[in-house]
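Numbering (our numbering), first residue to last: 805 to 1055.
Backbone N, C-alpha and C define an ideal beta-carbon position, used for all residues, glycine too.
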Amino acid sequence: SSASSKTAYGTAFLLDGIHRVGLTSPSNVEFTCSLGCYDEVLSYDEVDQLPTDVPTLYADMAGTAAVRAAVHSRLGGGLLHSAGVGARQQDHGGGIRVRFLVCWPAKLKPGESNAPVISLDILPTVLAATGLPAADAKPFDGRDILPLLRGEIAPQPRNLFWSSGSEEGWWAVRSGDWKLVCEKARVGLFELSKAVSENNAPEKHMPDTVDALTKRRARTRARLASPQPPRPKPLGTGHHHPDKRSHREVT
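Laid out in structure tokens, this is it:
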């Protein structure tokens, strides 16, 4: 999976002599074919075209649960081994939920916190720490977390939003201890106070919570500018990867 990534096609070049099938998003199929290192390229919507009559090894570079489940279901007993190489390009814990480290011995005491923060908090926090004003009066998507780092305030519930920046249906929203993850048509609701790692079965029979979080996401998405369409780049200069996540704080 994620066959258009450098890690994936670098691996494919080294695996000469076997039949190599690359899985990628629909918008990257043409680019991935042009690399010349795959014998066959399929989009994530074409997993049902994978051959089932040959022993197969699966290298999961993207770490997307829905794609992995589809591959496992399709190949069945023909899947000899499934290697999870990557897990950052997904909206579950371990993808967007990672530790955030801050070191400022002169101002901050050692400690830990389980408060949710986001990379968008870095800019307003650095400006507050340096005493520099913002360039304009537009509000930040993140917030100054210095009071939290200093232990001056208790962790507060937050509304956070992540999106692939496309119309393909990959997004997540967190509100307090509730998190809704959408992978195209597959939606999972998790109560993080019970399963912070999100490795359990999603909560079911809670349509009101799902509806409220979905509407919150839609209101926030409506306020954002539409994503710019990817511009093709020549080989050797990198390429657009639509799985990279953008993120916003929901207010």
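Pairwise C-alpha distance: residue 860 and residue 876: The count along the sequence shown starts at 1 and reaches residue 876 at position 72. The count along the sequence shown starts at 1 and reaches residue 860 at position 56. Their backbone Cα atoms lie some 11 Å apart in a straight line.
Helix, strand or coil at residue 876 [DSSP, three-state]: In the sequence shown, residue 876 corresponds to position 72, counting from 1. It is helical.
For residue 965 and residue 1021, believed in contact at Cβ under 8 Å, the rounded distance: If you number the sequence shown from 1, residue 1021 lands on position 217. If you number the sequence shown from 1, residue 965 lands on position 161. So it is a contact: roughly 6 Å between Cβ atoms.
Close beta carbons around residue 858, own chain, < 8 Å, minus the five adjacent residues each side: Mapped onto the sequence shown, residue 858 falls at position 54. Once the five neighbours on either side are set aside, the close Cβ partners of residue 858 are 823 and 882.
Beta-carbon proximity check, residue 871 vs residue 843, cutoff 8 Å: As a position in the sequence shown, residue 871 is number 67, starting the count at 1. As a position in the sequence shown, residue 843 is number 39, starting the count at 1. No, these two residues do not count as a Cβ contact at 8 Å.
Own chain partners of residue 981 with C-beta closer than 7 Å, once the 5 adjacent residues on each side are dropped: Position 177 of the sequence shown holds residue 981. The answer, listed in chain order, is 995, 996 and 997.
Environment of residue 922 [buried if 16+ CB atoms lie within 10 Å]: Walking along the sequence shown from the start, residue 922 turns up at place 118. Buried, because 16 or more other Cβ atoms sit within 10 Å of the Cβ of residue 922.
Beta-bridge pairing of residue 995 - partner residues as DSSP gives them: As a position in the sequence shown, residue 995 is number 191, starting the count at 1. DSSP lists 982 as partners of residue 995.
Where residue 848 sits in the DSSP three-state scheme: For the purposes of this step, residue 848 is taken as the residue at position 44 of the sequence shown. In this structure, residue 848 counts as helix in the three-state DSSP scheme.
CB of residue 866 within 8 Å of CB of residue 808, strictly: As a first step, residue 866 is located in the sequence shown; it is residue number 62 there, counting from the start. As a first step, residue 808 is located in the sequence shown; it is residue number 4 there, counting from the start. No, the pair does not count as a contact, with Cβ atoms beyond the cut-off.
Beta-ladder partner(s) of residue 826, from DSSP: For this step, residue 826 is matched to residue 22 along the sequence shown. BP columns for residue 826 point to 845.
According to DSSP, residues forming a beta bridge with residue 917: In the sequence shown, residue 917 corresponds to position 113, counting from 1. Paired residues: none, contrary to the question.
N-terminal and C-terminal residue of the alpha helix (DSSP H) that residue 838 is part of: Locating residue 838 in the sequence shown gives position 34, counting from the first residue. Taken as a continuous stretch (DSSP letters only), the alpha helix (DSSP H) holding residue 838 covers 833–838.
Buried or exposed (CB count within 10 angstroms, at least 16 for buried), residue 1047: Here residue 1047 refers to the residue found at position 243 of the sequence shown. The pLDDT assigned to residue 1047 is 42, lower than 50, so where the model puts this residue is not dependable; a value taken from the coordinates is nonetheless given after this. Buried, by the Cβ-count rule.
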